[in-house]
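Trainee:
Number of protein chains: 2
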Amino acid sequence: MTILNVRLKPEPPKEFPIYIGLGDTLTAMTLIKKHYNGKQIVVITDRNVAKLYGDKLKNYLEIDGFNVLFLTVNSGESAKSTLVKEKLELQMLEQKIDRHALILAFGGGVIGDLAGFVASTYMRGIKYIQLPTTLLAMIDSSVGGKTAINTKLGKNLIGSFYQPLAVIMDLTYLNSLSKKMRINGLIEAIKIFLTSDRDSFYFLRDNLDKVLKLDGDAIKLVIEKAVKLKVQVVEEDEKEQNLRMILNFGHTIGHAIEKLEKYKILHGYAVALGILVEVKIAHLMKKLNENDVNIIFDFFKKLNITTKRLRTLNKEDIALATIGDKKNKQGEISCILLKNIGKVALENGMVATQISHSVIVDSLKKIIEK
Amino acid sequence: MTILNVRLKPEPPKEFPIYIGLGDTLTAMTLIKKHYNGKQIVVITDRNVAKLYGDKLKNYLEIDGFNVLFLTVNSGESAKSTLVKEKLELQMLEQKIDRHALILAFGGGVIGDLAGFVASTYMRGIKYIQLPTTLLAMIDSSVGGKTAINTKLGKNLIGSFYQPLAVIMDLTYLNSLSKKMRINGLIEAIKIFLTSDRDSFYFLRDNLDKVLKLDGDAIKLVIEKAVKLKVQVVEEDEKEQNLRMILNFGHTIGHAIEKLEKYKILHGYAVALGILVEVKIAHLMKKLNENDVNIIFDFFKKLNITTKRLRTLNKEDIALATIGDKKNKQGEISCILLKNIGKVALENGMVATQISHSVIVDSLKKIIEK
Chain A
1 MTILNVRLKP EPPKEFPIYI GLGDTLTAMT LIKKHYNGKQ IVVITDRNVA KLYGDKLKNY
61 LEIDGFNVLF LTVNSGESAK STLVKEKLEL QMLEQKIDRH ALILAFGGGV IGDLAGFVAS
121 TYMRGIKYIQ LPTTLLAMID SSVGGKTAIN TKLGKNLIGS FYQPLAVIMD LTYLNSLSKK
181 MRINGLIEAI KIFLTSDRDS FYFLRDNLDK VLKLDGDAIK LVIEKAVKLK VQVVEEDEKE
241 QNLRMILNFG HTIGHAIEKL EKYKILHGYA VALGILVEVK IAHLMKKLNE NDVNIIFDFF
301 KKLNITTKRL RTLNKEDIAL ATIGDKKNKQ GEISCILLKN IGKVALENGM VATQISHSVI
361 VDSLKKIIEK
Chain B
371 MTILNVRLKP EPPKEFPIYI GLGDTLTAMT LIKKHYNGKQ IVVITDRNVA KLYGDKLKNY
431 LEIDGFNVLF LTVNSGESAK STLVKEKLEL QMLEQKIDRH ALILAFGGGV IGDLAGFVAS
491 TYMRGIKYIQ LPTTLLAMID SSVGGKTAIN TKLGKNLIGS FYQPLAVIMD LTYLNSLSKK
551 MRINGLIEAI KIFLTSDRDS FYFLRDNLDK VLKLDGDAIK LVIEKAVKLK VQVVEEDEKE
611 QNLRMILNFG HTIGHAIEKL EKYKILHGYA VALGILVEVK IAHLMKKLNE NDVNIIFDFF
671 KKLNITTKRL RTLNKEDIAL ATIGDKKNKQ GEISCILLKN IGKVALENGM VATQISHSVI
731 VDSLKKIIEK
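Chains as they are written, first to last, in our numbering: chain A, 1 to 370; chain B, 371 to 740.
1) Rounding to the nearest angstrom, what Cα-Cα distance links B:D540 and B:Y639 in this structure?
2) I need the boundaries of the beta strand (DSSP E) containing A:V42, first residue and last residue.
3) Whether or not the segment 471-478 of chain B and the segment 493-505 of chain B are in contact is what I'm after, with contact meaning three or more pairs of Cβ atoms, one per stretch, closer than 8 angstroms; do they touch?
4) Would you mind telling me which residues of chain B sit closer than 9 angstroms to A:P10, beta carbon to beta carbon, in chain order?
5) Taking A:G159 as the query, report the chain B residues whose CB atoms sit under 7 angstroms from its CB, ordered along the chain.
6) If you run the structure through DSSP and keep just helix, strand and coil, what is A:F66?
7) Starting from A:K51, follow the beta strand (DSSP E) in both directions and report where the run begins and ends.
8) At which residue ranges does the segment 652-695 of chain B contain complete alpha helix (DSSP H) runs of 4 or more residues, listed in the order of the chain?
9) According to the Cβ coordinates, are B:F563 and B:L574 closer than 8 angstroms?
10) In the structure shown, what three-state DSSP assignment does B:Q533 receive?
11) Which same chain residues end up closer than 7 angstroms to B:R336 when comparing Cβ atoms and leaving out the 5 residues on each side of it in sequence?
12) Taking 8 angstroms as the threshold (beta carbon to beta carbon), is B:Y389 in contact with chain A?
13) Residues of chain A with CB under 8 angstroms from B:L523, in chain order?
14) Measuring straight from C-alpha to C-alpha, what distance separates A:F70 and A:Q354?
15) Would you check if the segment 137-150 of chain A and the segment 159-167 of chain A touch, i.e. whether three or more CB-CB distances between them fall below 8 angstroms?
16) Quick one: is B:E608 buried, meaning 16 or more other Cβ sit within 10 Å of its Cβ, or exposed?
17) Just the Cα atoms here: how many angstroms apart are B:K580 and B:A588?
18) Are the CB atoms of A:I253 and A:T306 within a distance shorter than 8 angstroms?
19) Here's a check: name, in chain order, each residue in its chain whose Cβ is nearer than 7 angstroms to the Cβ of A:N74, leaving out the five neighbours to either side.
20) What does the Cβ neighbour count give for B:I373, buried or exposed, with the cut at 16 atoms within 10 Å?
21) Would a check of beta-carbon distances place A:M29 closer than 8 angstroms to chain B?
22) Which residues does DSSP list as the beta-bridge partners of A:A352?
23) What does A:N175 reach in chain B if we use C-beta pairs closer than 9 angstroms?
24) With a 10 Å radius around its C-beta and 16 neighbouring C-beta atoms as the bar for buried, classify A:S200 as buried or exposed.
25) Counting contacts by CB-CB distance shorter than 8 angstroms, is A:K262 in contact with chain B?
26) By DSSP's criteria, A:I275 is part of a beta bridge. Which residues make up the other side?
27) My understanding is that A:T172 touches A:L22, with C-beta atoms under 8 angstroms, so please give their C-beta distance in whole angstroms.
28) By DSSP, does A:L93 sit in helix, in strand, or in coil?
29) Quick check: is the beta carbon of B:L374 nearer than 8 angstroms to any beta carbon in chain A?
30) Closer than 8 angstroms, CB to CB, is B:M508 near chain A or not?
31) Between A:I149, A:I97, A:D98, A:Q95, which lies nearest to A:A115 when the distance is taken from Cα to Cα?
32) Take A:D64 and list the residues in its own chain whose beta-carbon comes closer than 7 angstroms to its own, dropping the five residues that flank it on each side.
33) On the DSSP bridge assignment, give the partners of A:Y128 in chain order.
34) Using a Cβ cut-off of 9 angstroms, which residues of the segment 596-629 of chain B contact any Cβ in chain A, in chain order?
35) Hey, would you say B:Y389 sits closer than 8 angstroms to A:M1, going by beta carbons?
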């Protein structure tokens, strides 16, 4: 037997900047040019964003001398599909887009996930830049390089880890978001504050009205803080071996709720409900004290998010729906449990705790009867 | 404007072994166990291979205590499609295959490309091992981590760079290959010898009968030599920035021929014709002398490969069909040209030369009138 040992050259460390600011101080065009010296840009966006900002962006890019292929998909989670991905690829191929082109992911979380995934497999990978337009995408999905599409058997099950050249967060886009969409995004900030930063949680709680009104300083502070925390986590553990799993707080139950609600519920709202259930589980498992539980439940009440919504769902169904989640190994359910506000309970050095089906059902009973 | 600089931890260098031997000295089961300590294996193969070797492999894996999900696709290039990829993913999801499972790519080049691509995006990437069964897959496609599917607009246009845990080449599988399939695989060895190793080219030429009869030493030597050369190239330039492009020798024209023949022609045979045309182009462009051209054409004649086949194709069509190739940048056609047998002509330090449409047409005229 002959053995040839292949040892590939190590790749240079992946580095990229995240820019946060307002359109007039942060000019996306200058930043795009700084990071990309090619000619061809493929903008991938959805119909809502295209309607609001599409012409303007396209004009600016063309004035700056880029060839622009502007591709629009339907708004909403359904765009994260094999079908839509393939359609985008064929449109790009028909227009002879080569591997030196840049994709601009222009929209919310759905667009970032979809366009990032297209970038990662088009001719085995081309460059892309994230230009998020929603609070959810800024705080969470545009940072970290996770790309994905959904399957009929669950969310984000097919995808890749693929980092952009840059993330450009222009807070002016937030003005067009409804209060509901602002709350939807804010949940991911609350999530990371609850797991990692007690002070920021209380800051957000005490400045909630300002933040929701997009008061310049308050909203920027919350975004910056949340993004910084997420960056620290991703820098430490890009491929989600351990620490990065804390970002799944609220998501084990949250994804199950989304699935049962057939993705008609907004992601943030599903995660918020997931957080409430997982907080209750942590309390039941004697990790988290009652005082912290109450503080968290009270805070969500201010956002008009209570567990009433869960009453229409079957407890067993929720527990069962967690099983297909890709965080789980061979039937066990993996869950992030708080130790206190700002800290996660560790189990054998791991941030995720394995819990049983029955604990989920018990917690749901307690919550719903509360 | 705030700038957060993200700097991800460098990934450990990618290292993996390639094992080459006969089934009795090289026991695939022991090697799989050595590299994978999980329980769940997903075998992806095609109907031909399944019929010949499927039961045996499945039994061995199960005796060794693995849970085996055995997935079969149609034989041939048509399996490298979005549709088949999605079907495999859904079958895996239905069987609750989690991200700790291992995919075994068991078959020829099509299976390696397809199964590797499935592995690279299933739950954002799971482990896989290449177990090639054809000469083509051993010599070329199982080495280097290129995975892909085809689109109706061209071959291998969607895919990824994704390295396996190991490549296990058991030469006993070659016995079931027809002479045509042996030649089909050998072309990729001829290709790399012509670009990088004069001595091996002459060794192969002078031992062609032995090699085609799978004489133990001769065939092993050719495979080892070709794989070693490919490994050196991939180690130096995994992502095909420059050097790795030499592996595309014969492929610019070869891919165009495959496309025009609607993939009914075997890959190796298309590349062989591509090599002949590209050799002629190199001669026309005064890079390669006539003596070497004749040696190469004479050698291919021994394999019964001549340019007669090209007469049924339109010269303009071939030239046009090269334009969609992903190696090309903004309309120019990128081509690997020989300087002499065993060496590639450089252009400004790059191994690929930009050529014009008309040079291709002229070369085709010369060849066909020859």
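Even for Gly, the Cβ is constructed at its ideal location relative to N, Cα and C.
Mentor: Quick look at the numbers:
1) 24 angstroms
2) 40-46
3) yes
4) P380, E381, P382, P383, K384
5) T491, R494
6) coil
7) Unbroken run through A:K51: none, as it is neither H nor E.
8) 660-672, 685-691
9) yes
10) coil
11) No answer is possible for residue 336 of chain B: the residues shown for chain B start at 371 and end at 740.
12) yes
13) L90, L93, E94
14) 45 angstroms
15) yes
16) buried
17) 6 angstroms
18) no
19) D46, R47
20) exposed
21) no
22) A:I336
23) Residues of chain B passing the Cβ test: none, with the nearest at roughly 18 angstroms.
24) buried
25) no
26) The partner list for A:I275 (beta bridge, DSSP) is empty, contrary to what the question assumes.
27) 5 angstroms
28) helix
29) yes
30) no
31) A:I149
32) M29, K33
33) A:I103
34) V597, K598, V601, V604, E605, E606, D607, E608, K609, E610
35) yes
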